[in-house]
Amino acid sequence: MFGANVVARGEEWVRDGSVTDLAWEGGSVQELSGTCIGPEGDRNDVSISFVSVGENWSIGRAICTCPVRMWCKHGVALLLTAAQPADENQTSSPSWESVATSIISESAPGRSGTALALLVSVDSPDSRSDDEPSVSLLPVTVDDRGQWVRSGISWRVLGGPDVHGEFDAGQFRALQRLAQTADGLVGSSPHGHLELTSAPAAIWSALEDVLAAGIPLIANTSSLADRVAIAKRAVLGLDIGPSETPASASLKAHIIVDDEPWKLADTHLFGAPNPHGVFRVVDRVLTLAPFDPVPPNSLLQMARSKLTSQIPVADADHFMNDVLPRLQASVPVRVAHGLFEPLDISDPTPVLTVTTSDEGARAHWSIRYSVNGEPRDSDPSKRVLSGSHRNKSAEDAVWHQIDDVLRAVVASSDSWPQQARDALDAVPTASMTQPMIKEFHALRAAEGVEETLAAASLRTLWAGVTLSKVEAARFYVEVLPQIVDRDDIIVELSEELAGYRRADSAAQLRFSAPDAQTVGNDWFDLRITVTVDGEQVPLAALIRELTAGATYMLLPSGTYFALDTPELTRLVELLAEGRALGELDGDKAKASSFNVTLWEELLELGIVDDQTRAWQQNLARLRSARPPVEVEPPGMLHAELRPYQLDGLNWLSFLWDNGLGGILADDMGLGKTLQTLALIGRIREAGESTKPFLVVAPTSVIANWLAECEKFTPDLTAVAVTASEAKSRGSLQERIAGADVVITSYTLLRIDFPVFDAVEWAGLILDEAQFVKNHKAKAHQCARRLATPFKLAITGTPMENNLMELWSLLSITAPGLFAKPKQFTEFFRRPIESGAHPERLATLRRRIKPVMLRRTKDQVATDLPPKQEQVVPVTLIDKHQKIYDTRLARERQKVLGLLGDWERNRFEIFRSLTMLRQLSLHAGLVDPTKRDVPSAKVEFLEEHLPELIAEGHSALVFSQFTGFLAIIREHLDAAQIPYSYLDGSMTARQRTEAIMAFSAGTTKVFLISLKAGGFGLNLTEADYVYVCDPWWNPAAEAQAVDRAHRIGQTRPVTVYRLVSAGTIEEKVVALQDRKRELFSAVMDEGEMFGSAIGVDDIRELLG
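Residue numbering for the sequence shown is 245 to 1347, as defined by the working numbering.
If you want it as structure tokens, here you go:
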């Protein structure tokens, strides 16, 4: 039950704390409950049960949520609060209140009753299996003779209430609490002993209550002791004294009980689960004492083992400086006089250590103290242990003082942000604290050095940084001098760092010819040298560093220099291009004069020797693409050249004079044939060559070339070769004898290439050069292989679908510009068309500018009448639309399934797309049984053409499909409208007759297959153009339109592009726009870019 001390504490609680939520539950067992709230706000719930014994009440139990659990001061506070007088408004108290009051009053000292005592036995280890003696307790009471006896009382009796009030109430409660504290430590016999040596630490408080209740401790004289005493305090510490061995000192445990030293040999530890007290038996007196404070387990083990540790002489300084201060902060330590002097510890100083390695250097921090004159360095990230020589607050102050230096050190490496992340990432997850986890996520989210610095902790900054060699050099030269001059930092460096220096001057580029060589027009061997302060820089290493994005480079001598100069930045760009184009090998360049802009831009960056300077001047002339003096048109030319045509003649003459080829890419209708004939006439008049020029053109254009030669240069002998060697009566040499100009077709060049290649030609002229745009086709290979010093491509569309078409023409006319298709694809085509490197578009324009001349009609032919173009949506009739939609659904499903293997199924895919395009024109083109289904486009033409003819206009009608042209012919025949007709199946004579009939005005309508009549025709008699079906390639349509809108046209030209609404034709028009952007981007310096038709385009067409 409640002891006197507990009652006293309960009374204090009532004064200082509060008891709330009092509640009473009745029944055979009455229960009082409440909550005790202490001064600090701590709460404990208490419950007290009352048991009826006859007409009286007794407390059955008092349970609490506090650590004591039972019969605690909170129970007393609850009873005292419940027993306070009620206010005048309160109803009468229940009967238990008076019982509680009486019980508490009975707990006060001085109450009578049979006295109780504790019999204390000390058993030697010989009588037990343990190595240590044991102490046990047994309750006893006084008999009638005043003798202490065991009868009538036991730990079992103390487990319940003193029903008959036989024993002293206070003493009975004190022993009850002792039994409860040592629950489970009582033997199983009716008079079992309580094993004190295994009791928990709370046993000391229970023993205090026992003594306070006046219960004597009586020694069992039949055991080892005759008397029992309880001391107030036992202290376990360490003795450091002289050693009896060669060691410098000895280390052993000592025990002091109430200021009296105890011998370890006489002392025994007791308590569970860890020892919390000691006892000894000396002169048959048993003395027990509680530890205050409870020592560490390792010290307890040292005391139990009674062993002595020796401190070797070699460890004396370490022990004195590092270990002893921490021991003194942890446990009581007694040091023998004069054995260890007090430590003299300086203030902390940050130490920056920089060490070198094969890869570069490592800079990291430590914190240094002087301990008795000896330096002691520590890792600042390690926890400052209590009692050590380190001072955390002082260290925090010095780190804060040099915060700018910490950040400057790690910022010396561009890779430090990743180093910081890697270092935290290497920490085991289980070892990471909450701040470290937070920093880890912040570092991962940070971008760049500045953001990483803002997120980094001191721990991360202390770790320092690994520097590359060039970073180490910059760190030594640029950062360290500012740190070394500070008094609050110690800097320790490797000697190797002293060899670094910054270059006095920027890198100097020099270009020279490695050996004596003639400055020719085709190739020139060029050596590239870079020096810094007279030291040569390996070009391969320089390019590697620049390509990697480095801003500085370190030379073997230890000199470093900046790489972010405009000259070096441009150098690496140009050399990368030269390497990609196969013109660079190490520090030597096989420089092609065709690639004039590349090498001139390179030479402008540095110093050139005399021989190279001559070549540089030649490059400058080539880049300008204009001769110093304009040439005069030949006297034999029967035409007056326009100003832009004179410029064209100057440019062509300049190419001829410098042994270069090129592409004349003027818009359709600007007189490319006339400018070319003017060049041939000038060469003939100047006597620069007597060999014939070979003109290769589509078969349909051969007659036009003969006519143009006759018209503009009748003094030139022009011969057309229209039959193969096998079908001709004479040899080619015989047929072209005395000719100035030989005109043949691409087909015949391919068939009779060996024959043509055997002739010595002055030059090769490829008209409508888009016919050789496929570099894998035989016609292209023949044109490229033909041996002649001058090659000129004439085309208004040097590129229709992709950049490889442009490369194909350049590989013929300027073979040294972009030597290999793979290199051109990797450096120009793929990066530009994918959008990955749009800046290379500008580079490509510069490279091709000297060898390609293009003028548009808008730029030069300002006197041409206007051209109005209109896209006319045409709505299919319902029946036609239904047929189209049904077929579209079927073909869409089919084509989308084929796109998985684009290359294998390409033919079948285009077949389906072509079918849908035909179906957009007329249902009968796909299904002959639907021939009678009306076509909205045919009806449009039937409505418009008669009106135009009546008003004196003429019209060209273009279509990709001759089947559709045949349907139009049927309707024109039915309407009795005369017309001319041209497709690819007609002979040259039939073509000429059709053109002449239209030119003479005999017919006012000209039906033309787009592929057969899209080039080589001059039909300025027409002022209306109808494009019946859009084609993938807008350039082909533009050529067709320019049959009418060209020099010689005097009337405005109106163009109608008929597009069937709700069909694939609308998607084709959108595709045209992208391809038009592609052409404009390269040829006309547009900004947008497109690509050839591909899988995504197909999906869009069917969408």
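All C-beta atoms in this analysis are idealised placements derived from N, C-alpha and C, irrespective of residue type, glycine included. Just so it is clear, the structure is predicted and the values come from calculations on it, not from any experiment.
**Study point:** Secondary structure, beta strand (DSSP E): runs of 3+ residues fully inside the region 1155-1194
**Key:** none
Point to revise | Close Cβ partners of proline 1255 (< 8 Å) along its chain, the five nearest in sequence each way excluded | key: Here the sequence assigns lysine to residue 1255, which means proline is not the residue at that position. Taken in chain order, the residues that qualify are Gln1204, Gly1228 and Ala1280.
Check your understanding: Below 8 Å, can you find three or more Cβ-Cβ pairs linking the region 448-461 to the region 477-496?
Key -> no
Review point. Span of the alpha helix (DSSP H) holding threonine 1236?
Key: 1232-1243
Exercise for review: Specify whether the region 874-892 and the region 1095-1109 touch according to this definition: at least 3 beta carbon pairs, one from each stretch, less than 8 Å apart.
Suggested key: yes
Point to revise | Rounded separation between lysine 1111 and valine 1299 - CA only | key: 7 Å
Practice item. Note down the Cα distance separating histidine 512 from proline 383, rounded to an integer number of angstroms. Key: 24 Å
Check your understanding: alpha helix (DSSP H) containing lysine 496: first to last residue?
Key -> No alpha helix (DSSP H) holds lysine 496; the beta strand (DSSP E) holding it covers 493-501.
Practice item. Compare the beta carbon distance of valine 525 and proline 377 with 9 Å and say whether it is the shorter of the two. Key: yes
**Study point:** 9 Å Cβ cutoff met for threonine 775 and arginine 745
**Key:** no
Practice item. Compare the Cα-Cα distances from serine 610 to each of Trp660, Ile555 and Leu702 and report the closest residue. Key: Leu702
**Study point:** Of the listed residues Arg471, Pro556, Ala445 and His581, nearest to aspartate 536 (C-alpha basis)
**Key:** Ala445
Point to revise | Beta-carbon gap between aspartate 591 and asparagine 616 smaller than 9 Å | key: no
Check your understanding: For the alpha helix (DSSP H) that threonine 934 lies in, which residues bound it at each end?
Key -> Counting along the chain, threonine 934 falls outside any alpha helix (DSSP H), and DSSP gives it neither H nor E.
Practice item. Count the other CB atoms, across all protein chains shown, that sit within 10 Å of the CB of valine 1118; report buried if there are 16 or more and exposed otherwise. Key: buried
Check your understanding: Taking the continuous alpha helix (DSSP H) assigned at valine 386, which residues delimit it?
Key -> Careful: valine 386 lies outside any alpha helix (DSSP H), inside the beta strand (DSSP E) at 378-386.
Point to revise | Buried or exposed (CB count within 10 angstroms, at least 16 for buried), alanine 1284 | key: buried
Check your understanding: According to the neighbour-count rule (16 or more other Cβ atoms, all chains shown, within 10 Å of its Cβ), is proline 1278 buried or exposed?
Key -> buried
Check your understanding: Does the beta-carbon distance from leucine 918 to glutamate 874 come in below 9 Å?
Key -> no
Review point. What number of angstroms, rounded off, separates the C-alpha of serine 542 from the C-alpha of valine 393?
Key: 43 Å
Practice item. Taking 8 Å as the threshold, find out whether the region 538-556 comes into contact with the region 502-519 through three or more Cβ pairs. Key: yes
Exercise for review: Determine, using beta-carbon pairs with one atom in the region 1043-1051 and one in the region 1004-1022, whether at least three such pairs fall under 8 Å.
Suggested key: yes
Exercise for review: List the residues that DSSP assigns as beta-bridge partners of glutamate 618.
Suggested key: Val615
Point to revise | Per DSSP, cross-strand counterpart(s) of glycine 1007 | key: Phe937
Check your understanding: When burial is assigned at 16 or more other CB atoms within 10 Å of the CB, is asparagine 328 buried or exposed?
Key -> Looking at the sequence itself, residue 328 is glutamine, so the reference to asparagine does not match. With fewer than 16 other Cβ atoms within 10 Å, it is exposed.
Exercise for review: Apply the 10 Å Cβ neighbour rule to alanine 742 and answer buried if 16 or more other Cβ atoms are within range, or exposed otherwise.
Suggested key: exposed
Exercise for review: State yes or no: is the C-beta of valine 642 within less than 9 Å of the C-beta of glutamate 736?
Suggested key: no
Practice item. Classify lysine 887 as helix, strand or coil using the three-state DSSP reduction. Key: First, the amino acid is wrong: residue 887 is proline here, not lysine. Proline 887: helix per DSSP, three-state reduction.
Check your understanding: Are the beta-carbon atoms of leucine 705 and arginine 651 separated by less than 9 Å?
Key -> yes
Check your understanding: Do you know offhand how far leucine 551's Cα is from aspartate 729's?
Key -> 54 Å
Review point. Buried or exposed: which applies to aspartate 853, given that a residue is buried once 16 or more other Cβ atoms fall within 10 Å of its Cβ?
Key: Any reading at aspartate 853 must be qualified, since the residue scores a pLDDT of 41, below 50, and its modelled position is unreliable; no value is offered.
Exercise for review: Below 7 Å CB to CB, which residues in the same chain sit around tryptophan 1275 once its five sequence neighbours on both sides are set aside?
Suggested key: Gln1204, Leu1254 and Glu1281
Point to revise | Proximal residues to isoleucine 210 (C-beta, below 6 Å), its chain only, five neighbours per side dropped | key: Beyond the ends of the chain as shown, which are 245 and 1347, falls residue 210; an answer cannot be given.
**Study point:** Nonlocal neighbours in the same chain, by C-beta distance under 6 Å from alanine 1037, ignoring five residues either side
**Key:** Ile907, Leu1010, Ala1013, Leu1053 and Thr1057
**Study point:** Residue closest to arginine 979, alpha-carbon to alpha-carbon, out of Val963, Phe898 and Cys316
**Key:** Val963
Check your understanding: DSSP on tryptophan 609, reduced to helix/strand/coil?
Key -> strand
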